[in-house]
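**Student:** Residue numbers for the sequence shown follow my numbering, beginning at 20 and rising by one.
Quick one: this structure, given as structure tokens, is what I'll be asking you about.
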Amino acid sequence: MSTRPEPASAADELFHIYLTSETEKKEPYLEVDDSTNSGAIISKLPSKSITTKGKPEPNTATELDDSDQSVKWLKNIDDAGKFSLTIKPGKKREHGETEEGGGDEDEKKTEIIQFDFEFREPSTFKFSSESSVLKKAFGDAAKDIQEPGFDDPRLYLGLKESDSKEIPLATAWTYTGLSEGSIPKFLKGLQVKPDVKLATGHRNALWINPEASLRVTVRLVFGLASLDTLNSLGLSALKINFTEADLICRKVVSAGKSGGETVPVKQGNAALSIGCKFSSPSQELDAEGVMEFAEDTISMTLLSKSEDPIAGALSWLEGLLGLENNELGFVTDLLHKEPFQGVQFRRIKLLFDTEVKVKLKSFKLDVQVSSSIGQDPQSDKKSLFLLSYTYNSSAGGLGTIRGELWEDSGITNPTLNPTYETWTDLEPFPAGTSLPPLQIKYLIPGQTIDDIPHTVPDTIERAFITLSAKEVGFGATVKAKEVSPGAAPQPYLGQIKLDASFQWDRSDFKFDLYVMTGIVPPSGSAHKDPALLTGSLMYQRSKTST
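Right, dumping it as structure tokens:
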């Protein structure tokens with residue numbers, strides 16, 4: 020004799036959350052307006068819906084069901100993960116509105132106010148998109164993140180709390196997807212502890228970007244239990260003393276294709292965020308940055324807030340290279356020559372060879388300078404350049420100085436980006452600094468280049484600069500707008516290559532323009548390719564000739 024199955028309880032019944040515009044909805048369900056942030060998030064999900072265990076109740080976390088497509092994807096981060104959402108109270112009907120079979124509230128309408136995720140690997144971590152948690156994770160930048168943790172196209176969750184127990188560094192390292200064999204020898208066996216202080220701006224967080232191959236990024240910070248190992252690296256000969264160190268772990272899962280199916284592609288990285296002091300004969304510099312590892316190499320990127328650190332950094336580098344008599348002093352001299360002003364240290368990147376003993380292999384010193392190059396001398400405008408002094412031990416010589424006109428990245432809140440770190444931040448300083456384009460006729464300081472053909476664009480937005488003991492070299496390429504075919508042949512200015520240089524004493528300069536122009540055939544012509552013409556314009560001035 021058969022028996023009827025027990026009816027599912029309300030708590031076990033699957034509920035679905037759809038967009039209002041969805042035409043096929045499976046009961047029981049709730050819906051969110053397409054125009055809301057909740058609607059924007061759901062519209063970006065492959066399933067265009069969310070499935071929960073039981074009916075979501077207002078202001079109460081409701082767990083997402085394991086059958087939900089987003090849950091299945093998030094379990095690529097941690098198979099034991101738990102995921103929930105919280106909704107607002109139901110929307111009250113306006114006076115006079117009725118709905119057949121309905122009550123005083125439109126029970127189908129809802130809006131998500133936050134998400135909460137919990138993971139068990141590499142330790143217990145709880146993330147939330149609640150506004151106060153996001154404020155703690157991202158500081159003032161969180162003002163652009165709207166309920167329920169959305170700033171198009173990403174969903175943001177900050178770390179709310181974590182287990183305070185120490186775990187093996189190897190556990191945190193391999194969580195990222197890196198192999199245990201990639202752990203540097205001197206780090207093996209160490210213990211780390213999750214960041215439980217969670218100071219404002221800690222950036223322990225989780226990002227979801229459905230539009231970028233369903234990318235999920237988790238960034239976690241672990242404190243290193245002991246600094247003794249770092250200070251016994253053999254780097255003591257380099258006059259570096261570590262004052263703090265955290266392990267930064269980043270795990271990324273995104274969608275790839277294999278055999279026509281979507282599969283998870285897992286990536287990750289681990290590095291040491293460090294504070295240190297490095298000494299030179301002239302001064303001791305406080306620095307912070309990152310230490311990264313590869314086979315037989317250690318790379319470091321350092322920032323310093325010490326007063327005028329450029330001379331001290333160069334003196335320190337001279338000691339590492341075995342140079343004497345202020346051989347790198349020419350760098351400081353060049354950076355402080357006219358027409359450069361406002362020289363500011365930004366960062367230094369170093370690469371050490373560790374195959375036999377720790378040895379400096381190469382470095383790059385980045386500085387910010389302002390200049391009157393390319394600006395009307397009657398105005399207060401300044402051009403901003405990022406100059407880099409680069410040295411490589413295998414290339415010989417004392418290196419080169421080369422820079423680029425600083426461009427606006429267009430990023431308004433870089434700290435919200437999942438790839439951001441303080442040592443990657445090379446935005447103009449201070450924030451909001453004006454970045455005017457270069458005007459060609461003012462490229463030579465103290466000179467005005469007249470009689471430039473009116474067909475030549477008068478501004479440059481991308482350019483490079485080189486420095487030597489004798490002169491300043493400058494180069495740029497300017498491309499004109501494309502011309503569409505018309506009833507008659509259309510002449511157009513295609514591309515301009517500009518090379519200019521001037522002596523430091525400004526008595527001599529060269530200014531060369533290389534021009535490629537063309538004529539687009541009329542739309543009815545049998546010839547579709549444009550006719551190309553090339554030419555050049557050259558200016559030169561010296562003490563004896565013009």
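Each residue gets a CB set at the ideal place from its N, CA and C atoms; glycine is no exception.
Could you pull out every residue in the same chain whose Cβ sits closer than 7 Å to the Cβ of ASN432, ignoring the five residues on either side in sequence?
**Tutor:** Taking the sequence shown and counting its residues from 1, one reaches residue 432 at position 413. Correct list, in chain order: ALA160, ASP163.
**Student:** With distance defined between alpha-carbon atoms, name the residue in GLU76, SER89, VAL152 nearest to GLU126.
**Tutor:** Position 107 of the sequence shown holds residue 126. Nearest option by C-alpha distance: GLU76.
**Student:** Using alpha carbons as the reference points, say which of ARG560, LYS94, GLN165, PRO167 lies closest to ARG139.
**Tutor:** Sequence index remark: in the sequence shown, residue 139 carries index 120 (1-based). With distances taken between Cα atoms, ARG139 lies closest to LYS94.
**Student:** Put GLU280 into one of helix, strand or coil per three-state DSSP.
**Tutor:** Along the sequence shown, one-based indexing puts residue 280 at 261. Strand.
**Student:** Out of GLY294, ARG234, THR536, PRO449, point me to the one whose CA is closest to ASN260's CA.
**Tutor:** Counting from one through the sequence shown, the residue named residue 260 turns up at place 241. The residue with the shortest Cα to Cα distance from ASN260 is GLY294.
**Student:** Under three-state DSSP, which class holds GLN394?
**Tutor:** The residue given as residue 394 occupies position 375 in the sequence shown. Residue state, collapsed to three classes: coil.
**Student:** Reducing DSSP to helix, strand and coil, say where PHE448 ends up.
**Tutor:** Position 429 of the sequence shown, counted from the start, is the residue given in the question as residue 448. Of the three classes helix, strand and coil, the one that applies to PHE448 here is coil, per DSSP.
**Student:** Helix, strand or coil, according to DSSP, for VAL215 in the structure here?
**Tutor:** What you label residue 215 is simply residue 196 of the sequence shown in a count that begins at 1. Correct three-state label for VAL215: coil.
**Student:** Three-state secondary structure (DSSP) at TYR408?
**Tutor:** On the sequence shown, residue 408 is found 389 positions in, with the first residue counted as 1. It is a strand residue.
**Student:** From SER151 to ASN223, what distance separates their C-alpha atoms?
**Tutor:** Position 132 of the sequence shown, counting from 1, holds the residue named residue 151. Position 204 of the sequence shown, counting from 1, holds the residue named residue 223. Using only the alpha carbons, I get a separation of about 14 Å.
**Student:** Taking LEU104 as part of the alpha helix (DSSP H), name the residues at either end of that continuous run.
**Tutor:** Walking along the sequence shown from the start, residue 104 turns up at place 85. Looking at the DSSP string, LEU104 is not in any alpha helix (DSSP H); the run it does join, the beta strand (DSSP E), is 101-106.
**Student:** Which residues does DSSP pair with ALA495 in a beta bridge?
**Tutor:** For the purposes of this step, residue 495 is taken as the residue at position 476 of the sequence shown. Its beta-bridge partners are ALA482, LEU517.
**Student:** Quick one: is GLN559 buried, meaning 16 or more other Cβ sit within 10 Å of its Cβ, or exposed?
**Tutor:** The sequence position of residue 559 within the sequence shown is 540, counting from 1. It counts as exposed.
**Student:** Going by alpha carbons, who is nearest to PRO203 out of LYS401, ALA332, LEU188?
**Tutor:** Translated into positions along the sequence shown, residue 203 becomes position 184. The residue with the shortest Cα to Cα distance from PRO203 is LEU188.
**Student:** Who are the Cβ neighbours of THR219 in its own chain at under 7 Å, not counting the five residues just before and after it?
**Tutor:** For the purposes of this step, residue 219 is taken as residue 200 along the sequence shown, with counting starting at 1. Closer than 7 Å at Cβ, skipping near neighbours: LYS155, GLY158.
**Student:** Please classify PHE297: is it buried, with 16 or more other beta-carbons within 10 angstroms of its beta-carbon, or exposed?
**Tutor:** For the purposes of this step, residue 297 is identified with residue 278 of the sequence shown, where counting begins at 1. Looking at its Cβ environment, which holds 16 or more other Cβ atoms inside 10 Å, PHE297 is buried.
**Student:** From which residue to which residue does the alpha helix (DSSP H) around GLY348 run?
**Tutor:** Position 329 of the sequence shown holds residue 348. 348-354 is the span of the alpha helix (DSSP H), which, as asked, contains GLY348.
**Student:** List in chain order: all unbroken alpha helix (DSSP H) runs of 4+ residues lying wholly within the stretch 202-271.
**Tutor:** Correct list: 247-250.
**Student:** So for ASN56, helix, strand or coil by DSSP?
**Tutor:** On the sequence shown, position 37 is the one that residue 56 refers to. Helix.
**Student:** Let me confirm a value: GLU149 is counted as buried when at least 16 other C-beta atoms fall within 10 Å, else exposed. Which label applies?
**Tutor:** The count along the sequence shown starts at 1 and reaches residue 149 at position 130. By the neighbour-count rule (16 or more Cβ atoms within 10 Å), GLU149 is buried.
**Student:** Starting from GLU307, follow its DSSP beta bridges and name the residues at the other end.
**Tutor:** Taking the first residue of the sequence shown as 1, we reach residue 307 at position 288. Note: GLU307 sits in a beta bridge opposite GLY294, LEU322.
**Student:** Can you tell me where the alpha helix (DSSP H) with ALA330 in it begins and where it stops?
**Tutor:** Counting from 1 along the sequence shown, the entry for residue 330 is found at position 311. Segment 328-340, the alpha helix (DSSP H) holding ALA330.
**Student:** Mind checking whether GLY242 and LYS212 have CB atoms under 8 Å apart?
**Tutor:** Residue numbering aside, residue 242 sits at position 223 when the sequence shown is read from its first letter. Residue numbering aside, residue 212 sits at position 193 when the sequence shown is read from its first letter. In this structure, LYS212 lies closer than 8 Å to GLY242 by Cβ.
**Student:** Using a threshold of 8 Å, state whether the C-beta atoms of LEU321 and ALA289 are closer than that.
**Tutor:** Within the sequence shown, the letter at position 302 stands for residue 321. Within the sequence shown, the letter at position 270 stands for residue 289. Against a cut-off of 8 Å, the Cβ pair of ALA289 and LEU321 comes out as no contact.
**Student:** Using the beta-carbon count (16 or more within 10 Å), is ILE459 buried or exposed?
**Tutor:** If you number the sequence shown from 1, residue 459 lands on position 440. Buried.
**Student:** Pull up the distance between the alpha-carbon of GLY121 and that of PHE34, whole angstroms please.
**Tutor:** For the purposes of this step, residue 121 is taken as residue 102 along the sequence shown, with counting starting at 1. For the purposes of this step, residue 34 is taken as residue 15 along the sequence shown, with counting starting at 1. Unreliable positioning characterises GLY121 in this predicted model, as indicated by a pLDDT of 48, which lies under 50. The coordinate reading is nonetheless provided below. Cα to Cα, the separation comes out at about 18 Å.
**Student:** Could you pull out every residue in the same chain whose Cβ sits closer than 7 Å to the Cβ of ASP53, ignoring the five residues on either side in sequence?
**Tutor:** Here the question's residue 53 lines up with position 34 in the sequence shown. Excluding sequence neighbours, ASP53 sits near LEU38, THR39, SER40, SER62.
**Student:** Given a cut-off of 8 Å, decide if PHE530 and ILE430 are closer than it, judged by their beta-carbon atoms.
**Tutor:** Locating residue 430 in the sequence shown gives position 411, counting from the first residue. Locating residue 530 in the sequence shown gives position 511, counting from the first residue. Contact: no.
**Student:** Using 8 Å as the threshold, is the C-beta distance between GLU82 and LYS67 below it?
**Tutor:** The residue given as residue 82 occupies position 63 in the sequence shown. The residue given as residue 67 occupies position 48 in the sequence shown. No; because the gap between Cβ atoms is not below 8 Å, this pair is not in contact.
**Student:** Can you tell me whether GLY115 is helix, strand or coil according to DSSP?
**Tutor:** Indexing the sequence shown from 1 puts residue 115 at position 96. In this prediction, GLY115 has a pLDDT of 47, which is less than 50 and means its spatial position is unreliable; what the coordinates show is noted afterwards. DSSP places GLY115 in coil when its eight states are reduced to three.
**Student:** Just mark ILE317 as buried or exposed, buried being the case when its beta carbon has 16 or more other beta carbons within 10 Å.
**Tutor:** Position 298 of the sequence shown, counted from the start, is the residue given in the question as residue 317. Buried.
**Student:** Give the single residue among TYR439, THR438, LEU424, GLY465 whose Cα lies nearest to the Cα of PRO455.
**Tutor:** Within the sequence shown, residue 455 is the residue found at index 436, counting from 1. Measuring from the Cα of PRO455, the nearest candidate turns out to be LEU424.
**Student:** Between ASP97, VAL284, GLU43, THR70, which lies nearest to ASP85 when the distance is taken from Cα to Cα?
**Tutor:** On the sequence shown, residue 85 is found 66 positions in, with the first residue counted as 1. For ASP85, the nearest C-alpha among the options comes from THR70.
**Student:** Keeping to the same chain, check which residues put their C-beta closer than 7 Å to that of LEU49; ignore five residues upstream and five downstream.
**Tutor:** Residue numbering aside, residue 49 sits at position 30 when the sequence shown is read from its first letter. Once the five neighbours on either side are set aside, the close Cβ partners of LEU49 are PHE34, ILE36, PRO75, LYS127, THR129.
**Student:** Kindly list the residues whose CB is nearer than 7 Å to the CB of SER334, restricted to its own chain and excluding five residues on each side of it in sequence; keep chain order.
**Tutor:** The residue labelled residue 334 in the question sits at position 315 within the sequence shown. SER299, PRO300, SER301.
**Student:** Quick check on the burial criterion: 16 or more other C-beta atoms within 10 angstroms. Buried or exposed for LEU557?
**Tutor:** Position 538 of the sequence shown, counting from 1, holds the residue named residue 557. It should be noted that the sequence gives Met, not Leu, for residue 557. MET557 comes out exposed.
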